[in-house]
Structure formats: structure tokens, C-alpha cells
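*Asks:* If you read the protein sequences in the order shown, they are chains S and U. Throughout, this note's numbering is defined as the position within the first sequence, counted from one, plus 157. Throughout, this note's numbering is defined as the position within the second sequence, counted from one, plus 1. Glycine included, C-beta positions come from ideal geometry on N, C-alpha and C. Just so we're clear, the structure is a prediction, and the values are computed from it rather than from any experiment.
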Amino acid sequence: MGNQVTRSWAGVLSPMVGLLLILLASFYVLSNATENAARFSNMYGWMLLINLAVLLILVGMIGLNLFKLVSQYRSGVAGSRLTARLVLVFVLLSVIPVSIVYYFSLQFLQRGVDSWFDVRIEKSLEDALQLSQVSLDLQQRELVKQISGVARSMADVSDSNAGLALSDLLERTGAVELSLLGKNNRIIAFSSADPGKIIPHRSNEDVLMQVRQGGHYVGLEPVKDTGIHVRLVFPIPPGSGANTELRILQALFPIDQRINSLADSVQQYYTVYKKLNYLRGQLKNSFLLTLSMVLLLSLFSAVWVAFFSAQRLMAPVRDLAEGTQAVADGNYDKQLPVVGNNELGFLVRSFNDMTRRIGQARSEAQESQHQIESQRAYLEAILGNLSSGVMTLDHELFIRTANPVAGKILGLDFSQYIGKPVDDIVHAYGPLRRFVDILKPLSERTEQWQEELILFSQAGRKVLMCRGTTLVNEAGESGDHVIVFDDITELVQAQRDAAWGEVARRLAHEIKNPLTPIQLSAERLQFKLQNKVDEEDSRMLSRSTETIVNQVEAMKEMVNAFTDYARAPAMDLQPVNLNKLIGEISDMYKMPELKLDHQLDSRAPMIQADAARLRQLLHNLFKNALEAMNDDPQKKIEIMTRCMDESGCRFVEINIRDYGHGFPEQTMGHYFEPYITTKSKGTGLGLAIVKKIVEEHGGMVTAENLPDEGAVITIRLPVITAMKDNPESSKVSDIKENS
Amino acid sequence: MPLPIHKVTALALASILFFLFLAGHSCPLSAARGELKVYSASAHLNGNMYYLDAQLGYDLSQAALDALDSGVPITFELEADIVTPRKWLWDKVLLENVHRYQVVYHALTQQYIVTNINSGIQNTYSRRNTALLSMGRVNNLPLMEKKLLNGVEDAQLKIRVSLDIKELPALMRPWAYINAEWLLASEWFTWEIK
Chain S
158 MGNQVTRSWA GVLSPMVGLL LILLASFYVL SNATENAARF SNMYGWMLLI NLAVLLILVG
218 MIGLNLFKLV SQYRSGVAGS RLTARLVLVF VLLSVIPVSI VYYFSLQFLQ RGVDSWFDVR
278 IEKSLEDALQ LSQVSLDLQQ RELVKQISGV ARSMADVSDS NAGLALSDLL ERTGAVELSL
338 LGKNNRIIAF SSADPGKIIP HRSNEDVLMQ VRQGGHYVGL EPVKDTGIHV RLVFPIPPGS
398 GANTELRILQ ALFPIDQRIN SLADSVQQYY TVYKKLNYLR GQLKNSFLLT LSMVLLLSLF
458 SAVWVAFFSA QRLMAPVRDL AEGTQAVADG NYDKQLPVVG NNELGFLVRS FNDMTRRIGQ
518 ARSEAQESQH QIESQRAYLE AILGNLSSGV MTLDHELFIR TANPVAGKIL GLDFSQYIGK
578 PVDDIVHAYG PLRRFVDILK PLSERTEQWQ EELILFSQAG RKVLMCRGTT LVNEAGESGD
638 HVIVFDDITE LVQAQRDAAW GEVARRLAHE IKNPLTPIQL SAERLQFKLQ NKVDEEDSRM
698 LSRSTETIVN QVEAMKEMVN AFTDYARAPA MDLQPVNLNK LIGEISDMYK MPELKLDHQL
758 DSRAPMIQAD AARLRQLLHN LFKNALEAMN DDPQKKIEIM TRCMDESGCR FVEINIRDYG
818 HGFPEQTMGH YFEPYITTKS KGTGLGLAIV KKIVEEHGGM VTAENLPDEG AVITIRLPVI
878 TAMKDNPESS KVSDIKENS
Chain U
2 MPLPIHKVTA LALASILFFL FLAGHSCPLS AARGELKVYS ASAHLNGNMY YLDAQLGYDL
62 SQAALDALDS GVPITFELEA DIVTPRKWLW DKVLLENVHR YQVVYHALTQ QYIVTNINSG
122 IQNTYSRRNT ALLSMGRVNN LPLMEKKLLN GVEDAQLKIR VSLDIKELPA LMRPWAYINA
182 EWLLASEWFT WEIK
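Written out as C-alpha cells, the structure reads:
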């Protein structure tokens with residue numbers, strides 16, 4: 158991390174240092190441009206070009222940064238507004254002082270440069286130049302006088318002698334060069350103080366033209382490497398003899414060495430001053446240009462640094478904003494780059510610590526949740542594989558959970574009722590009313606409870622063993638309720654069957670076997686003693702043995718009945734038309750003193766039942782009703798069937814009502830238990846067999862005394878098959894006979 | 002509503018270009034801007050050497066004349082190339098000749114000194130026009146040896162004269178590069194060497 162920061166800073170500082178060096182170089186050139194022009198003459202243009210290039214680069218970078226900032230500002234990127242403010246402040250802080258310095262620098266430059274050029278200095282330089290010229294002019298005049306005589310003396314010198322004459326004149330006059338030109342400026346003769354020189358310094362065509370037209374020429378001429386000379390050009394008119402053409406004498410005289418040196422100095426400084434004066438505008442412009450370049454470089458560098466600093470300063474803040482947003486979106490793995498050892502770095506480190514801890518906490522929470530889910534799944538698997546139904550209710554009796562077996566036992570899809578009040582299942586499924594009724598008091602009790610419950614639903618009669626308790630939380634407050642219930646229908650039935658089977662087996666074994674010897678002994682007593690006793694004793698013997706035989710018969714019947722009850726052969730389920738079966742049985746009990754009132758529901762469907770057992774059931778009920786009205790001269794039995802559809806449960810109900818004395822109060826609640834009877838001749842198994850047959854068909858039987866007279870036995874048999882309405886029911890439905 | 006950034010940039014660039022255009026065309030009269038011309042040029046063979054004869058016109062701009070009279074040396078460059086033209090490519094250069102002349106005003110003697118920098122020969126003129134005219138007359142300037150053109154049938158002489166800004170004082174150069182008064186150069190003049 159530290160290396161990254163160092164590299165980042167190095168990457169940023171390098172161009173900044175480069176810019177600073179360029180700025181310093183610009184300042185150096187600026188301060189030295191006028192003092193040592195030769196040294197910087199080549200560098201000046203390059204420096205301007207480099208500065209211009211750097212300026213363009215800076216403008217591009219600033220433009221790019223500005224464009225990015227504006228885009229981010231418009232998009233509402235985190236930190237962009239603060240960055241914009243910082244940039245504005247930085248720019249203002251740099252622009253205002255730099256502008257002030259620039260303004261006063263310009264003023265200083267203008268006045269400073271102008272102050273270099275004083276009119277008096279210029280005038281004195283011009284005067285010095287003129288003085289030099291006047292001084293030289295005097296020399297020229299003297300030379301003109303001297304050479305004009307010489308030129309006249311050359312008129313009679315022939316071309317062939319001209320060379321000697323010129324050499325002679327060179328020595329006499331002190332000239333450095335003399336030459337004689339003929340027609341077409343042809344050199345006739347030439348003499349020079351420098352023996353190595355073979356070609357004269359020629360006058361230009363204009364001068365020669367002027368001389369040929371009759372005048373003469375005198376003038377100063379700077380000669381390369383030897384200083385200022387006086388050039389004299391005189392015409393030599395044709396003389397006597399062969400000299401018939403105009404010739405020209407050309408002379409070059411040096412001037413006094415000291416005067417030459419002084420004049421050259423004056424010329425040099427005058428030229429420099431004149432040149433500088435001419436370049437004053439350019440000098441100002443150059444200063445202005447350089448200063449402007451430096452200013453713009455400084456300004457743009459400052460603006461760029463402002464952008465850079467603001468962005469660098471805001472980067473951690475932006476990172477923090479984005480990190481916070483990421484954390485808000487649930488990304489707890491977000492780690493921000495640490496930006497150093499300042500306060501922002503501390504903030505970033507704190508943020509990283511926070512996200513790390515949140516991440517760890519989330520991992521732990523996920524782990525815990527995973528464990529909880531595993532345990533929950535494990536618990537659900539256990540509950541799902543339990544044979545018991547388990548459900549939980551909250552303290553307001555809203556269903557929280559229920560295992561699949563609970564739904565299976567109650568015939569209910571619990572998934573629709575999770576989170577709903579337990580009452581809702583009654584609204585949707587009426588037969589569960591009793592089940593819900595035992596749950597309602599749970600809100601007031603906390604101790605463990607257990608209750609046996611009989612439900613009658615479409616699936617038939619069910620005996621449930623319900624146990625429950627209230628969970629107590631850590632604070633000791635009662636909370637949810639757990640209810641565990643088992644379908645013990647088959648268990649109860651099996652226990653009962655086993656108990657009565659044992660009774661029947663013992664009866665058969667212990668009682669039935671001695672009955673035959675008793676009966677035979679009684680008959681033998683009567684046979685042996687009948688003729689040996691007197692008539693009165695014989696009648697008593699006869700009555701006693703008859704009584705013994707009858708009672709033994711009765712006991713045999715009772716034992717047979719128990720055997721039949723306990724035997725319980727396999728059910729032979731067939732579609733049975735209940736109304737028709739009732740009609741058949743009713744026909745067997747037709748008698749004058751009995752009135753049978755049928756109210757049979759024509760819509761009653763066929764049911765799956767063992768017809769023989771139902772026949773036995775009906776016989777038992779008829780017998781029971783008749784026995785209840787044994788003392789009445791006029792008997793009446795009402796038989797009613799109806800098809801009921803209660804809370805989605807479809808069943809057939811049979812009501813058999815008599816108008817007898819009703820069930821005795823002491824047998825209340827035990828009507829259907831074996832051996833419960835108040836009749837002198839009854840075995841006590843009639844209603845027990847009825848109940849057994851009903852339960853074998855998955856039905857339910859109840860008995861009650863009616864308030865006015867008699868009792869009614871109600872049997873409900875479930876319509877187990879999906880059989881349609883009885884096709885013959887129309888015939889039976891019309892049966893409504895009074896007999 | 003502020004202008005978009007790209008519009009501001011385009012406006013700034015247009016302003017800079019316009020400023021440069023004005024700076025380069027600050028003098029409205031074309032005559033005052035000066036002109037360099039090659040009126041004629043030819044090469045003649047004398048012995049084994051080709052010599053250049055040319056007539057050049059040095060019509061200096063006012064800025065250049067002012068600079069010259071203020072003692073600023075003005076340097077001219079005479080380029081004389083021998084080339085053979087090619088159909089699809091640029092001309093093949095056989096020889097490049099560059100002759101440089103400098104004219105400067107000598108205030109004390111009130112003479113204009115013209116110096117052939119290549120040869121070192123200098124001439125003085127009391128009038129500026131005479132100096133420029135004499136500089137425009139090029140006679141018998143050695144060009145090349147005859148053997149250079151052996152086997153070459155379509156050689157051409159290309160000549161051009163221009164003001165050498167690089168030789169101006171450093172302070173003048175930046176402005177001279179963007180000022181038409183200082184950007185003086187003739188067109189290329191071509192002459193077929195028979």
C-alpha cells in the first residue's frame with residue numbers, strides 16, 4: 158500500500174517538477190534575453206515553443222478535468238459538488254494574486270524599457286557620429302586636393318608607364334591602393350601597399366558612371382578587416398599622345414589609426430543603440446509574451462494543481478461515499494484504499510475496520526443462520542417423520558407451525574393457515590370444531606394438559622389423544638403453545654377388541670363348557686326323580702329343572718353372543734343402498750301394535766358397507782326400541798335417513814326413535830359399553846355390537862333421551878366412496894309409510 | 002444558461018486563429034508587404050563549369066526597410082538546385098546550392114554594405130536601391146561541374162530567393178514567423194538545362 162502511494166505521488170510529482178523547471182527556465186530566459194541575446198538567440202524560440210506546447214497540454218488537461226467535473230456534477234456523483242467548490246476556491250486564490258502581479262509587472266516593464274532610451278543619449282550619440290563624420294570629412298577634402306593634382310599629372314602618362322607611375326604615386330601620397338581604369342572599366346594599372354593583393358577594391362558601377370560623366374567621387378568606405386577608408390575616384394581626361402580615351406584614377410586612403418578606432422567605436426555603439434531603439438517594440442512584446450507565457454503557465458499550472466489537489470483531496474471522501482453506499486446496498490466486503498497518515502486516512506482505516514467487522518458479524522450471523530436452518534431442517538425432518546401431529550400456536554393462538562402429519566391426521570392443508578388464527582380452520586373445516594374448542598383455553602393455562610378427543614370427519618371417526626404445554630421463555634413469560642396429538646383410533650379399537658376378545662374367549666372357555674353338563678344333569682335329575690317323588694314335589698322338580706335348563710340356554714345364548722361380538726370376521730364391503738336395506742328390515746317387524754314411520758332421504762347415496770353387519774345393526778336397534786316400549790300397547794318407531802354435507806364432510810345419518818321410557822339415568826354415558834343393561838333378559842351387548850359395527854364402518858353413534866318422550870339413536874356413516882347418488886333412491890324416497 | 006464546454010473551446014480556438022490571422026495580415030497594402038521575385042534565371046556552360054545568371058527582384062517590405070535603416074542586418078538566401086523531374090514522385094535533387102547575402106547599413110559612412118557570405122566579398126553602396134539592385138544581378142555564379150550532368154538529359158535549374166528569418170535578432174524572430182511582412186520568399190523558378 159505504501160509503495161502504491163509513493164508511486165502515485167512520484168507519478169504526479171514528476172510532471173509538476175517538470176512544469177516548475179520550465180517555469181524557472183522561462184524566468185531565466187526572460188531575465189537574460191536582453192543581456193545576452195547571442196546566448197539565448199537559439200534557445201528563445203524553442204523555449205517559447207515548449208512553453209506553448211506545455212500550455213496546450215495544460216489547457217487540454219484542464220479542459221478534460223473540467224469536462225469530467227461538469228459531467229460528474231450533473232450526474233450528481235458523490236463528492237463532485239465539494240470538488241467544484243474546492244477548485245473554484247483554489248482558482249480564485251491563485252488567479253487574483255497572479256493577476257495583480259501581472260498587471261504591475263506589465264507597468265514596470267513598459268516604464269523600465271522606455272527608461273532605457275533617453276532622447277539625450279540618442280542625441281549625443283548622433284552628435285558623436287556627426288563629429289566623426291566631420292572629422293573624416295576634413296581629411297577627405299585634403300585628399301581631394303591632393304589627388305586632383307595627381308589625376309591631372311596622370312593625363313600624359315601612357316598606359317604602359319602607368320604601373321610605374323602609380324607605384325611612385327603610392328609612395329608619395331600614402332595611399333594603400335591606386336588603380337587606373339580604362340574603357341569599360343578595364344584595369345590598366347594597379348598598385349597596392351599590400352604586395353599580395355592583385356585585384357583592386359572596385360568601386361560600384363554607379364560611382365564609375367558618375368565619374369565618367371565628368372565629376373569625381375569621394376567617400377568613406379568600410380573595408381573588411383581593415384577599417385574605414387577614403388575612396389577617391391577621379392576622371393583623367395585624354396592627354397597628349399596615345400591617351401585618347403577617358404581614364405579613371407581610383408585611390409583608397411586609410412585614415413588615422415586612432416581616428417579610425419574612435420570612429421569605429423562610435424559607429425558600433427550608435428548602431429547598437431539604434432538597433433535597440435528599433436527593437437524596443439519587439440523587446441516589449443517579447444517581455445510581454447514571455448511574461449504572459451509565464452503567467453499563463455503559472456495560472457494553468459495552478460488551476461491544474463487545483464483540480465488535482467481537489468480531486469486528490471476528495472478521492473477518499475468520494476471513496477467513503479461510494480463505500481457507504483455499497484454498505485447500504487449490502488456489500489460488506491468493500492475495502493477502500495488507504496490514503497496516508499492524515500485524518501482522511503484515519504477515517505478510511507476506520508471505515509475499513511467497520512466494514513471488516515460488519516462483514517465478520519454478517520459471516521457469523523450467516524453461519525448461525527445456517528446452523529439454525531440446519532437445525533430447523535433437522536427438526537422439521539424429525540417432526541415430518543413423527544407419527545404424531547405437532548403444531549405450535551403463539552400466545553394469541555395464531556398458528557405458527559404444523560408438521561405434515563398434523564395436517565394428515567386432521568385432514569387439513571396447514572400451509573394455508575400458518576400465521577392465521579386457529580379459528581380459521583373451523584371456518585374452513587367444520588368437523589375440527591371440537592379440536593379447536595380444546596385449544597381455546599390454552600391462552601389462560603400454562604401447565605401441561607392431556608385430553609382425548611373424538612372427531613367425526615369425512616375420513617370417519619377418529620380418536621385423538623392431545624397433549625400440550627406452554628413454552629416459557631428465558632424471562633419466565635409464557636409464550637407459544639405446543640400441541641402434540643396422535644390418532645389412536647385404531648389403537649383404542651384394537652385394545653377394545655383385544656379386551657372383549659379375551660372376555661369372549663374366557664366366557665366360552667370358563668362358562669360355556671360347564672353349561673352342557675349342568676343342563677344334562679338337570680334333565681337327568683328330572684328324569685330319575687320324576688317318578689320317585691310325590692306329585693307336588695314332582696311339579697316343583699319339574700319347574701326347577703325347567704328353570705335350570707332355560708337359564709342354561711339363556712347363558713348359552715349370551716355366551717354365543719359374546720363369541721359373535723369378539724369374533725369380528727373380516728368386513729365384506731359392498732355398495733349398499735341404505736334406504737332399501739332399512740325397508741327390508743322394517744318389513745320383518747310389521748305387526749299390528751307397531752307403527753313404523755319412515756322418513757328416508759331420496760338423495761342418500763350408496764355407501765360402502767358390509768350389508769350383513771348393517772342388517773344385524775338394524776335388527777339390534779329395532780329390538781332395542783321394541784324392548785323399550787315393551788309395556789306399551791301401541792308402539793311407534795320413527796326411522797329417518799338423511800344425507801348431510803357438513804363442512805365438506807359427506808355422510809349419511811340414520812335416526813331411530815322410539816317412544817319408550819328412554820335410557821335410565823344411571824347408564825348415562827355408558828350406553829354402548831358391553832354388559833350395560835337394565836333389562837332382565839338382555840345380554841347387554843345389543844348397543845355394544847351396534848357401536849362396534851358403526852366404528853368398523855368408520856362411523857359414529859350417539860344416543861340420547863328426548864325431552865318429551867322416548868329416546869333416539871343417531872348413527873352417522875361416512876360416504877367413503879365417490880359414488881354418485883343412488884339410482885334407486887327415487888323409488889325409496891317415496892317410501893313414507895305408516896304401518 | 003452557461004455555454005457547453007465544447008462550444009467555449011471552439012470559440013476560444015476560433016479567436017486565437019483570428020488573432021493570428023490579423024497579426025499576419027496587419028498591413029493592408031500588399032505593396033508595403035514587399036515581394037521577392039526571380040525574373041529570369043539561366044545556366045551557361047563555360048569550359049567544364051556551369052555558371053548561373055539570374056535577375057532577381059528585392060522589393061522589401063516597409064518593416065524590413067525600417068529594420069535595415071535601423072542597423073539590423075538582413076540576410077537573404079538564394080537557393081539554386083539542380084533537379085530531374087519524376088512523374089509520380091517529387092523531383093530528384095542532383096545538387097543543392099545555397100548562396101547567402103547580407104545587407105547592412107553602415108551609419109558612419111552612410112553606406113549599404115552587401116556581403117556574399119559564401120565568398121566573403123563585400124561591396125558598398127551609398128544608396129539602398131542600388132545595393133538591392135546590384136544584389137539582384139547575378140552573373141557568372143559558379144553552379145556545378147559539367148560532369149555532374151553526364152547521362153542526365155532532363156536536368157532542371159530551380160531557383161528561389163527568400164529572406165532568412167533565422168538570422169534576424171532573437172527578439173524579432175517570434176513576430177517575424179507570424180508576420181507576412183517578414184515572410185518574404187519568391188516562387189520557384191525553373192529553367193531547363195539543355
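So which residues of chain S does residue 173 of chain U contact, with C-beta pairs closer than 8 Å?
*Replies:* Translated into positions along the second sequence, residue 173 of chain U becomes position 172. Going along chain S in sequence order, the residues near residue 173 of chain U (Cβ under 8 Å) are 436, 439.
*Asks:* Can you pull the chain S neighbours of residue 68 of chain U, defined as C-beta to C-beta under 7 Å?
*Replies:* Position 67 of the second sequence, counting from 1, holds the residue named residue 68 of chain U. Chain S residues near residue 68 of chain U: 435.
*Asks:* Quick one, which of U/159, U/169, U/170 has its alpha-carbon nearest residue 43 of chain U's?
*Replies:* Position 42 of the second sequence holds residue 43 of chain U. Of the candidates U/159, U/169, U/170, the one whose C-alpha sits nearest the C-alpha of residue 43 of chain U is U/159.
*Asks:* Kindly indicate which three-state DSSP category residue 77 of chain U falls into: helix, strand or coil?
*Replies:* As a first step, residue 77 of chain U must be located in the second sequence, where it is residue number 76. Secondary structure at residue 77 of chain U: strand, using DSSP grouped into helix, strand and coil.
*Asks:* In the DSSP assignment, find the alpha helix (DSSP H) that holds residue 444 of chain S and state where it starts and stops.
*Replies:* Translated into positions along the first sequence, residue 444 of chain S becomes position 287. Per DSSP, residue 444 of chain S belongs to the alpha helix (DSSP H) from 437 to 485.
*Asks:* For residue 858 of chain S, tell me which candidate among S/613, S/359, S/766 has the shortest Cα-Cα distance.
*Replies:* Against the first sequence, residue 858 of chain S aligns to sequence position 701. Closest by alpha carbon: S/613.
*Asks:* Hey, how far is the Cα of residue 161 of chain U from the Cα of residue 142 of chain U?
*Replies:* For the purposes of this step, residue 161 of chain U is taken as residue 160 along the second sequence, with counting starting at 1. For the purposes of this step, residue 142 of chain U is taken as residue 141 along the second sequence, with counting starting at 1. Straight-line Cα distance between these residues: approximately 15 Å.
*Asks:* Around the C-beta of residue 745 of chain S, are 16 or more other C-beta atoms found within 10 angstroms, so that it is buried, or is it exposed?
*Replies:* To locate residue 745 of chain S, count along the first sequence from 1; it is residue 588. Answer is exposed; the Cβ neighbour count stays below 16.
*Asks:* DSSP puts residue 249 of chain S in a beta bridge; with which residues?
*Replies:* Stepping through the first sequence from its first residue, residue 249 of chain S is reached at position 92. In the DSSP assignment, residue 249 of chain S is bridged to no other residue.
*Asks:* Let me check one thing: in DSSP terms, what residues is residue 609 of chain S bridge-paired to?
*Replies:* What you label residue 609 of chain S is simply residue 452 of the first sequence in a count that begins at 1. S/622, per the DSSP bridge assignment.
*Asks:* Do residue 391 of chain S and residue 332 of chain S have their beta-carbon atoms positioned less than 7 Å apart in this structure?
*Replies:* In the first sequence, the residue the question calls residue 332 of chain S occupies position 175. In the first sequence, the residue the question calls residue 391 of chain S occupies position 234. Against a cut-off of 7 Å, the Cβ pair of residue 391 of chain S and residue 332 of chain S comes out as no contact.
*Asks:* What did DSSP end up calling residue 298 of chain S once you bin it into helix, strand or coil?
*Replies:* The residue labelled residue 298 of chain S in the question sits at position 141 within the first sequence. Helix at residue 298 of chain S.
*Asks:* Does the separation of the CB atoms of residue 69 of chain U and residue 75 of chain U fall below 7 Å?
*Replies:* Translated into positions along the second sequence, residue 69 of chain U becomes position 68. Translated into positions along the second sequence, residue 75 of chain U becomes position 74. Yes.
*Asks:* Output the distance between the C-alpha atoms of residue 704 of chain S and residue 765 of chain S, rounded to the nearest integer angstrom.
*Replies:* Position 547 of the first sequence holds residue 704 of chain S. Position 608 of the first sequence holds residue 765 of chain S. If you take the alpha carbons of residue 704 of chain S and residue 765 of chain S, they lie about 45 Å apart.
*Asks:* Taking beta-carbon pairs under 7 Å, can you tell me which members of the stretch 100 to 128 of chain U lie near chain S?
*Replies:* 107, 108, 109, 110, 112, 114, 123, 124, 125, 126, 127
*Asks:* Throw me the rounded Cβ distance for the residue 620 of chain S and residue 609 of chain S pair, which I believe falls under 8 Å.
*Replies:* Taking the first residue of the first sequence as position 1, residue 620 of chain S is located at position 463. Taking the first residue of the first sequence as position 1, residue 609 of chain S is located at position 452. Right, the Cβ-Cβ distance comes to about 7 Å (below 8 Å), so this counts as a contact.
*Asks:* Taking C-alpha atoms, which residue in U/98, U/118, U/186 lies nearest to residue 51 of chain U?
*Replies:* On the second sequence, position 50 is the one that residue 51 of chain U refers to. Closest by alpha carbon: U/98.
*Asks:* With C-beta atoms as the reference, is residue 405 of chain S less than 7 Å away from residue 368 of chain S?
*Replies:* Residue numbering aside, residue 405 of chain S sits at position 248 when the first sequence is read from its first letter. Residue numbering aside, residue 368 of chain S sits at position 211 when the first sequence is read from its first letter. In this structure, residue 368 of chain S lies closer than 7 Å to residue 405 of chain S by Cβ.
*Asks:* When the Cα atoms are used, what is the spatial distance from residue 27 of chain U to residue 171 of chain U?
*Replies:* Counting from 1 along the second sequence, the entry for residue 27 of chain U is found at position 26. Counting from 1 along the second sequence, the entry for residue 171 of chain U is found at position 170. Note that residue 27 of chain U has pLDDT 45, beneath the 50 cutoff, so the model's placement of it is unreliable and no number is given.
*Asks:* What are the start and end residues of the beta strand (DSSP E) that includes residue 344 of chain S?
*Replies:* Locating residue 344 of chain S in the first sequence gives position 187, counting from the first residue. First-last of the beta strand (DSSP E) with residue 344 of chain S: 344 to 349.
*Asks:* Just the C-alpha distance for residue 422 of chain S and residue 295 of chain S, rounded to the nearest angstrom, thanks.
*Replies:* Start at 1 with the first residue of the first sequence, and residue 422 of chain S comes out as number 265. Start at 1 with the first residue of the first sequence, and residue 295 of chain S comes out as number 138. Computed Cα separation, rounded: 19 Å.
*Asks:* Kindly give me the distance between the Cβ atoms of residue 293 of chain S and residue 206 of chain S, rounded to whole angstroms, as I take these residues to be in contact under 8 Å.
*Replies:* Working through the first sequence from its first residue, we reach residue 293 of chain S at position 136. Working through the first sequence from its first residue, we reach residue 206 of chain S at position 49. Their Cβ separation, rounded to whole angstroms, is 46 Å, which puts residue 293 of chain S and residue 206 of chain S out of contact at 8 Å.
*Asks:* Count the CB pairs spanning the stretch 778 to 798 of chain S and the stretch 811 to 819 of chain S that are closer than 8 Å, and state whether there are at least three.
*Replies:* yes
*Asks:* Could you have a look at residue 748 of chain S and say whether DSSP puts it in helix, strand or coil?
*Replies:* By one-based count along the first sequence, residue 748 of chain S stands at place 591. In this structure, residue 748 of chain S counts as coil in the three-state DSSP scheme.
*Asks:* Whole-angstrom Cβ separation of residue 173 of chain U and residue 209 of chain S, contact assumed at under 8 Å?
*Replies:* Residue 173 of chain U sits at position 172 when you count from the first residue of the second sequence. Residue 209 of chain S sits at position 52 when you count from the first residue of the first sequence. That pair is no contact at about 18 Å.
*Asks:* Which complete beta strand (DSSP E) runs does the stretch 556 to 595 of chain S hold, if anything under 3 residues is left out?
*Replies:* 556 to 559
*Asks:* Taking the beta strand (DSSP E) that residue 190 of chain U belongs to, which residues open and close that run?
*Replies:* Along the second sequence, read from residue 1 onward, the residue named residue 190 of chain U stands at position 189. Here the beta strand (DSSP E) through residue 190 of chain U covers 190 to 193.
*Asks:* Are the beta-carbon atoms belonging to residue 489 of chain S and residue 515 of chain S less than 7 Å from one another?
*Replies:* If you number the first sequence from 1, residue 489 of chain S lands on position 332. If you number the first sequence from 1, residue 515 of chain S lands on position 358. It is a contact, given that the beta carbons lie within the stated cut-off.
*Asks:* Would you list the residues sitting across from residue 643 of chain S in a DSSP beta bridge?
*Replies:* Stepping through the first sequence from its first residue, residue 643 of chain S is reached at position 486. Answer by DSSP bridge pairing, in chain order: S/622.
*Asks:* Start and end of the beta strand (DSSP E) containing residue 732 of chain S?
*Replies:* Along the first sequence, read from residue 1 onward, the residue named residue 732 of chain S stands at position 575. It spans 731 to 733 - the beta strand (DSSP E) in which residue 732 of chain S sits, taken as one unbroken run.
*Asks:* Which term fits residue 236 of chain S, buried or exposed, when burial requires 16 or more other beta carbons within 10 angstroms of its beta carbon?
*Replies:* The residue labelled residue 236 of chain S in the question sits at position 79 within the first sequence. Buried.
*Asks:* Which residue's Cα is closest to the Cα of residue 244 of chain S: S/741, S/356, S/463?
*Replies:* Stepping through the first sequence from its first residue, residue 244 of chain S is reached at position 87. Of the candidates S/741, S/356, S/463, the one whose C-alpha sits nearest the C-alpha of residue 244 of chain S is S/463.
*Asks:* Quick one: which chain U residues come within Cβ less than 8 Å of residue 459 of chain S?
*Replies:* Here residue 459 of chain S is taken as the residue at index 302 of the first sequence, counted from 1. What residue 459 of chain S touches in chain U: nothing, since even the nearest Cβ is about 19 Å away.
*Asks:* With distance defined between alpha-carbon atoms, name the residue in S/345, S/306, S/341, S/298 nearest to residue 321 of chain S.
*Replies:* In the first sequence, counting from the first residue as 1, residue 321 of chain S sits at position 164. Selected option, being the one with the closest Cα: S/345.
*Asks:* Could you list the residues in the stretch 359 to 385 of chain S with a C-beta less than 7 Å from some C-beta on chain U, going in chain order?
*Replies:* Of all residues in the stretch 359 to 385 of chain S, 361, 363, 376, 377, 378, 379, 381, 385 have a Cβ within less than 7 Å of some Cβ in chain U.
*Asks:* Is it buried or exposed, residue 533 of chain S, if we count other Cβ atoms within 10 angstroms and call 16 or more buried?
*Replies:* Residue 533 of chain S sits at position 376 when you count from the first residue of the first sequence. Classification for residue 533 of chain S: exposed.
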